[in-house]
Ligand SMILES: [Zn+2]
């Protein structure tokens, strides 16, 4: 693994766990009907970091904090950014225009700013309950390959995570305890019965003509951001139930995804935005975790290996514990 001492992730999370103070109006520039901010304002706005701008390549710019150990890598023309080497997907590409490097305002407000300007987003809540949602089930198997069915892997993974979390005192709720198929709305309704909870939907991937591989984690698209893989629609401007947790969603995604990438050595496909039904409807911090591609022959073999699923469960449980530790430590302050 090229990176990722645990302490970096923890440091990153501490920065994420925070309330967004009212977003200061930066000078904005309109480009292709989107508002952008000039990245050159970073060092002067976030003075407490002492950011230094470094060119890592002709199209790659790093803002490295001299004081707080946070590196942000922007790639011009790309929606991929890296914060302490963990991959995040912006909603709009970074643009170079008239000698400036422009970041869309929505990415600034919903991703970068919560990381850099901490205050309390947790409102003093204590995480007690973890709701695990094994994808698919019953008559709906999800992806099928010659080793098995997605519904079986997600259930097996969820059961392993449940055992680990119960050992350390969490209440764990499964949206399906066995091989049944609750509808997506039923899964949301089950989740919303609980207080002080988080929600994690577990899936495995398919696609990319057998070549795609790796782990990706989805958090709900903020208002104004498209659903994954689709252009912006007018309905994307609506605020959904899950948007009440926008900042916590990113914190949870960062904790779980970071642990999975670090522990499993899988390709990092990044933290992405989507408007899946479960993410839209659940009122708790929520993510949808895609644990690898059943359509990729080598990853399919790993997913079919019970020991690999055990490691994955342990990474997910560790990510949840880390999220709890950091959010609660911060909120006690
Ligand atoms: Zn699935």
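In this note's numbering, the protein residues as written are 2 to 334. All C-beta atoms in this analysis are idealised placements derived from N, C-alpha and C, irrespective of residue type, glycine included. If you're wondering where the values come from, they're calculated on a predicted model, not measured in any experiment.
Nearest candidate by alpha-carbon position, reference residue i, set the options
i           : options            : result
residue 62  : 138, 53, 34        : 53
residue 282 : 190, 314, 199, 60  : 190
residue 169 : 88, 321, 30        : 321
residue 96  : 84, 86, 80         : 80
residue 181 : 274, 174, 156, 210 : 156
residue 111 : 222, 128, 35       : 222
residue 78  : 298, 277, 101, 161 : 101
residue 340 : 127, 310, 218      : Nothing about residue 340 can be read from this structure; the chain reaches only from 2 to 334.
residue 67  : 82, 48, 59         : 48
residue 1   : 230, 229, 224      : The chain is shown from 2 up to 334; residue 1 falls before or after that span and cannot be answered.
residue 278 : 71, 183, 305, 249  : 183
residue 294 : 92, 325, 207       : 207
residue 37  : 91, 88, 106, 65    : 106
residue 42  : 109, 258, 72       : 109
residue 104 : 274, 51, 27        : 27
residue 94  : 327, 33, 193, 186  : 33
residue 92  : 144, 98, 143, 233  : 233
residue 1   : 98, 83, 132        : This structure cannot settle anything about residue 1, because the visible part of the chain is limited to 2 through 334.
residue 249 : 226, 329, 186      : 329
residue 185 : 98, 69, 280, 87    : 280
Buried or exposed by the 16-neighbour rule on C-beta atoms within 10 Å, applied to residue i
i           : result
residue 307 : exposed
residue 23  : Residue placement at residue 23 cannot be trusted, given a pLDDT of 42 that sits under 50; the coordinates are not used to answer.
residue 314 : buried
residue 300 : buried
residue 178 : exposed
residue 214 : buried
residue 141 : exposed
residue 55  : exposed
residue 85  : buried
residue 196 : exposed
residue 231 : exposed
residue 276 : buried
residue 297 : buried
residue 120 : In this prediction, residue 120 scores a pLDDT of 41, lower than 50, which makes its location untrustworthy; the coordinate-derived value is nonetheless stated afterwards. Residue 120 is exposed by the Cβ-count criterion.
residue 292 : buried
residue 327 : buried
residue 59  : exposed
residue 194 : exposed
residue 145 : exposed
residue 87  : buried
residue 98  : exposed
residue 143 : buried
residue 14  : Residue placement at residue 14 is flagged as unreliable, the pLDDT there being 49, under the threshold of 50; the coordinate-derived value follows with that caveat. So residue 14 ends up on the buried side.
Nearest-angstrom beta carbon gap, residue j and residue i [assumed within contact, 8 Å]
i           : j           : result
residue 163 : residue 130 : Not a contact, Cβ separation roughly 12 Å.
residue 1   : residue 166 : As displayed, the chain neither begins before 2 nor continues past 334, which places residue 1 out of reach and without an answer.
residue 323 : residue 246 : Not a contact, Cβ separation roughly 18 Å.
residue 220 : residue 272 : 6 Å
residue 312 : residue 264 : 6 Å
residue 218 : residue 174 : Between residue 174 and residue 218 the Cβ distance is about 20 Å, and since that is not below 8 Å, they are no contact.
residue 216 : residue 270 : 6 Å
residue 71  : residue 50  : 7 Å
Whether residue i touches residue j by CB criterion (9 Å)
i           : j           : result
residue 204 : residue 136 : yes
residue 39  : residue 57  : no
residue 134 : residue 76  : no
residue 160 : residue 176 : no
residue 310 : residue 64  : no
residue 274 : residue 90  : yes
residue 132 : residue 192 : yes
Task: the stretch 272-290 in contact with the stretch 244-257 per 3-pair CB rule at 8 Å - done: yes
Task: Inter-stretch contact (C-beta, 8 Å, three-pair minimum) for the stretch 233-247 and the stretch 147-156 - done: no
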